[in-house]
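**Student:** Input: one structure, supplied below.
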Amino acid sequence: MFNLNNQAEKISRRRTLLRKPRIGLTLAGGGCKAFFGLGVGKVLMEAGIKFHAVSGTSAGSAMAMSLISGQVENLVEYFYAITSRNRRNFYWSRLLLGRQPFPHERMYRSAILTYVDPERILKSKVKLAFNAMRVPPGLFPPDNAFRRYRLVTEIIGAYRNEIKFAEQGMFRPFLAQAGRRNGLEEVVFTEQDLHSRDHALQIVLASSCVPPLVSYQKLPDGFHYLDGGIENNLPIVHLPDCDLYITVYYEEITRRLMEQAGHDRGKNIYYIAPAGELPITTWDYANPKGVRECYDYGRRAGERALPEIRRLLG
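Shown next as structure tokens:
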């Protein structure tokens, strides 16, 4: 149970050694639901809260980079516009022509290229941490489509089992177990890896890779990667030492699995989550109204959290 007074006392004691408290922000992955996290982060920054470090995974990594790039409103408007033009999330006509039937990667890629600014991120001095899962080439060689298909099928099955059990109030890390069982290795990228817009794009796509919606991503190191949320969908553990960790997630299972892994131990964490169901699903790229409403929900959640956060920070 979060105790505001106890947390404030802990931060106050640390501030005897630090002039200003170091604040970390973690944004969970969740596809379009991550616009909620973007709204939270934008409100906090508008209120003058400066983040020492930010971590995220999957779409949370894209939102984090956009936030530090100062491109939040532009990204929301852009995504509203392109989802308004996109009529559906699967196109049979493209499949029949031998083309990619899912529009997600193309739309996601264009948004990242346009509204992530590595130069501005580096100038901000904010520490960044984004995770992705490295695929062992010996077990799943690029030229063996069957093995790679089998891996993705197993991961999707593990995800469905997680949701099924969570609906019954049981929280089991089936995804992480499937990843480890298949030799996937968690890799963490930082601001030092953002050499260019192309590098930033590659990192976000690697952290967000969910075939067939987002294809296997090969990075300059020669390895292919999958979504970081397979191992850790709330990567607070990869942040440097902070006095307060503001952590945004969208579904209870995300927080429960993070706490089961012990990643919350020894940390002063302030959690922010939606009060109810969000108006958009993870991969709904044909719902412009849901995109904007999800972002607005996040803004309102951030505004509600501000008084307590300010009290914590003194």
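Sequential numbering of the sequence shown, starting at 178, is according to this note's numbering. In this text, a Cβ means the ideal position worked out from N, Cα and C, and glycines have one as well. Small disclaimer: the values here were computed from a predicted structure and weren't measured.
Quick check: is the beta carbon of H440 nearer than 8 angstroms to any beta carbon in chain B?
**Tutor:** Given the protein chain composition of this structure (a single chain), no chain B is represented.
**Student:** From the DSSP output, in three-state form, read off Q394 for me.
**Tutor:** One-based indexing of the sequence shown puts residue 394 at position 217. The answer is strand: DSSP assigns Q394 an E or B state.
**Student:** Residue ranges of each beta strand (DSSP E) run of no fewer than 3 residues wholly in the region 220-272, ordered along the chain?
**Tutor:** You should have 230-234.
**Student:** Report yes if the C-beta distance between R349 and E339 is below 8 angstroms; otherwise report no.
**Tutor:** Within the sequence shown, numbered from 1, the residue matching residue 349 stands at position 172. Within the sequence shown, numbered from 1, the residue matching residue 339 stands at position 162. Cβ atoms of R349 and E339: closer than 8 angstroms.
**Student:** Whether or not the region 201-210 and the region 367-375 are in contact is what I'm after, with contact meaning three or more pairs of Cβ atoms, one per stretch, closer than 8 angstroms; do they touch?
**Tutor:** The region 367-375 vs the region 201-210: no contact.
**Student:** In the region 418-471, which residue ranges form an unbroken beta strand (DSSP E) of at least 3 residues, counting only runs that do not cross its ends?
**Tutor:** You should have 421-425 and 446-449.
**Student:** Less than 8 angstroms between the CB atoms is what I'm expecting for A128 and S385, so what's the real figure, rounded?
**Tutor:** This structure cannot speak to residue 128, because the chain is shown only from 178 to 491.
**Student:** Using only alpha-carbon positions, find the residue among S301, E480 and V329 that is nearest to F228.
**Tutor:** Indexing the sequence shown from 1 puts residue 228 at position 51. The option with the nearest alpha carbon to F228 is S301.
**Student:** Around the C-beta of A322, are 16 or more other C-beta atoms found within 10 angstroms, so that it is buried, or is it exposed?
**Tutor:** Start at 1 with the first residue of the sequence shown, and residue 322 comes out as number 145. Classification for A322: exposed.
**Student:** For the region 246-259 and the region 447-460, state whether three or more C-beta atom pairs, one from each stretch, are separated by less than 8 angstroms.
**Tutor:** With a cut-off of 8 angstroms, the region 447-460 and the region 246-259 do not count as touching, because too few Cβ pairs lie within range.
**Student:** Roughly how far, in whole angstroms, is the beta-carbon of H401 from the beta-carbon of P319, given that I think they are within contact range, below 8 angstroms?
**Tutor:** Counting from one through the sequence shown, the residue named residue 401 turns up at place 224. Counting from one through the sequence shown, the residue named residue 319 turns up at place 142. So it is a contact: roughly 7 angstroms between Cβ atoms.
**Student:** At what residues does the beta strand (DSSP E) containing F317 begin and finish?
**Tutor:** As a working mapping, residue 317 is identified with position 140 in the sequence shown. Premise fails: F317 is in no beta strand (DSSP E) and is neither H nor E.
**Student:** Quick check on K219: buried or exposed, where buried means 16 or more other Cβ atoms within 10 Å of its Cβ?
**Tutor:** Locating residue 219 in the sequence shown gives position 42, where the first residue counts as 1. When all chains shown are included, K219 counts as buried.
**Student:** Closest to K210 by C-alpha separation, out of Y448, I413, E485 and W460, would be which residue?
**Tutor:** In the sequence shown, residue 210 corresponds to position 33, counting from 1. Looking at the Cα atoms, W460 is the closest of the given residues.
**Student:** Using a threshold of 8 angstroms, state whether the C-beta atoms of R476 and G216 are closer than that.
**Tutor:** Within the sequence shown, numbered from 1, the residue matching residue 476 stands at position 299. Within the sequence shown, numbered from 1, the residue matching residue 216 stands at position 39. Yes.
**Student:** Cα-Cα, which of G214, L421, S270 and L305 is closest to E480?
**Tutor:** In the sequence shown, the residue the question calls residue 480 occupies position 303. Of the candidates G214, L421, S270 and L305, the one whose C-alpha sits nearest the C-alpha of E480 is G214.
**Student:** Any contact between the region 329-343 and the region 278-294? By contact I mean 3 or more CB pairs, one from each, below 8 angstroms.
**Tutor:** No contact exists between the region 329-343 and the region 278-294.
**Student:** Compute the Euclidean distance between the alpha carbons of I430 and L352, then round it to the nearest angstrom.
**Tutor:** For this step, residue 430 is matched to residue 253 along the sequence shown. For this step, residue 352 is matched to residue 175 along the sequence shown. I430 and L352: Cα-Cα distance of roughly 12 angstroms.
**Student:** Return helix, strand or coil for L202, following the three-state DSSP convention.
**Tutor:** Working through the sequence shown from its first residue, we reach residue 202 at position 25. If DSSP states are grouped into helix, strand and coil, L202 belongs with the strands.
**Student:** What did DSSP end up calling F366 once you bin it into helix, strand or coil?
**Tutor:** What you label residue 366 is simply residue 189 of the sequence shown in a count that begins at 1. Strand, per DSSP.
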